[in-house]
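Notes for the one structure printed next.
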Amino acid sequence: GEDVEQSLFLSVREGDSSVINCTYTDSSSTYLYWYKQEPGAGLQLLTYIFSNMDMKQDQRLTVLLNKKDKHLSLRIADTQTGDSAIYFCAEDRATDSWGKLQFGAGTQVVVTP
Amino acid sequence: GAVVSQHPSRVICKSGTSVKIECRSLDFQATTMFWYRQFPKQSLMLMATSNEGSKATYEQGVEKDKFLINHASLTLSTLTVTSAHPEDSSFYICSASIQGGFSEAFFGQGTRLTVV
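Read top to bottom, the protein sequences are chains H and R. Going by the numbering used here, the first residue of the first sequence is number 1, and it counts up by one from there. Going by the numbering used here, the first residue of the second sequence is number 1001, and it counts up by one from there.
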């Protein structure tokens, strides 16, 4: 199937902003998601954006979508040590079922004091 | 928000035995459930889609006789790993959604399977 790509690692200082990038290749994607996974745990939904939107903000999180370039980003403001985790972007193409997601490889975010 | 409970969270089994993992939607009816597999430090790979009352649809490369999926009710789907081998050791995660309109997928907490 089509690939979702992410950079694998990001190191950021506590208090700075983190920006995690993702590219996807299927222009028919309808919803795009960001999930957080801490070690040994399941997935925590952070936010999602509908493909006809350019931006969505939710407290410290800002999602930007450039549909022309098929580029999605997640900005975390005032990054805290508790934000250290792996972040996955995912797309829902809704080809036959809602909720059938194609995931990127995940970006490991390490927050240093 | 909607809650999906997965059980057990960890299981160790002997090679050659079968193990069943349950995925329950606690406060909603899930018409569709998905099973994913995650290898260490890798992404989630979709294994199969199960719709209540019908046969599961498996992704290419996933052995349906190895990974038996049953979705007998709107709140429960089970994944049985049959004749498990060490290479089946992995993190298995389910998710559930409601069809009939947009629905986000709600994920369980995952099951760590170790086959010894």
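No residue lacks a Cβ here, since even glycine has one placed at the ideal position from N, Cα and C.
Residue i, DSSP secondary structure in three states
i	result
H:Pro81	What sits at residue 81 of chain H in the sequence shown is Thr, not Pro. The answer is helix: DSSP assigns H:Thr81 an H, G or I state.
R:Glu1087	helix
R:Ile1098	coil
R:Ala1048	strand
R:Glu1022	strand
H:Gly1	Reliability of the predicted coordinates at H:Gly1 is poor, the pLDDT of 44 falling under 50, and the value obtained from them is presented with this limitation in mind. Coil at H:Gly1, not helix or strand.
R:Phe1107	strand
H:Met53	coil
R:Gln1038	strand
R:Gln1029	coil
Residue-chain proximity (residue i, chain H), Cβ-Cβ < 7 Å
i	result
R:Ile1093	yes
R:Thr1111	no
R:Phe1107	yes
R:Ser1005	no
R:Thr1049	yes
R:Thr1032	yes
R:Ser1097	yes
R:Ser1103	yes
R:Ser987	Since the first residue shown for chain R is 1001 and the last is 1116, residue 987 of chain R is missing from the structure and cannot be characterised.
Inter-residue CB distance, residue i and residue j (contact presumed, cutoff 8 Å)
i	j	result
H:Gly99	R:Ser1077	So it is not a contact: roughly 13 Å between Cβ atoms.
H:Gly42	R:Gln1109	4 Å
Residue i and residue j closer than 7 Å at C-beta
i	j	result
R:His1071	R:Glu1052	yes
H:Ser28	H:Arg93	yes
H:Ile86	H:Arg60	no
H:Gln167	H:Gly104	With chain H represented from 1 up to 113, any question about residue 167 of chain H goes unanswered, as that position is not in the structure.
H:Val63	H:Thr47	yes
H:Gln102	H:Phe9	no
Chain R contact for residue i (CB, 7 Å cutoff)
i	result
H:Ser97	yes
H:Leu43	yes
H:Gly106	yes
H:Phe9	no
Heavy atom of the ligand ADP within 6 Å of residue i beta-carbon
i	result
H:Gly15	Judged by which ligands are present, the structure shown has none, so any question about the ligand ADP falls away.
Bridge partners - residue i, DSSP secondary structure assignment
i	result
R:Arg1010	R:Arg1112
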